[in-house]
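Numbering (the working numbering), first residue to last: 18 to 108. Beta carbons: idealized from backbone N, C-alpha and C, even for Gly. Here the structure is a predicted model, which means the values were calculated and not measured. Below: the structure, in structure tokens.
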């Protein structure tokens, strides 16, 4: 199915959209519950202000990302990276 130039709310339940591709799509304020995004790829994505709760992030790779203000379990990622860098420099 090819959907182009649509400005509507989409509700997908109990659906298999495996292998789908989204390019230049606005999913602002979208809600994802019980969704399998394993083996997915995100490139040039704006996740600012997004909240992840009860999410399996095992084997996730984060590269070339602005993590300003990002926290993991209440800890600032920039502070964790700074502390790690200091430990690496000292050792």
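Quick one: grab the DSSP three-state call for residue i.
i, result
"residue 88", "strand"
Within the continuous alpha helix (DSSP H) that includes residue i, where are the two ends?
i, result
"residue 97", "94–107"
Relative to the C-alpha of residue i, which candidate in the options has its C-alpha closest?
i, options, result
"residue 38", "86, 73, 45 and 59", "59"
"residue 21", "33, 28 and 41", "41"
"residue 23", "32, 30 and 44", "44"
"residue 33", "76, 70 and 51", "51"
"residue 73", "25, 89, 101 and 108", "89"
"residue 76", "69, 64, 55 and 92", "55"
Mind checking whether residue i and residue j have CB atoms under 7 Å apart?
i, j, result
"residue 87", "residue 94", "yes"
Length at least 3, wholly inside the segment 49–88: the beta strand (DSSP E) runs in chain order: none
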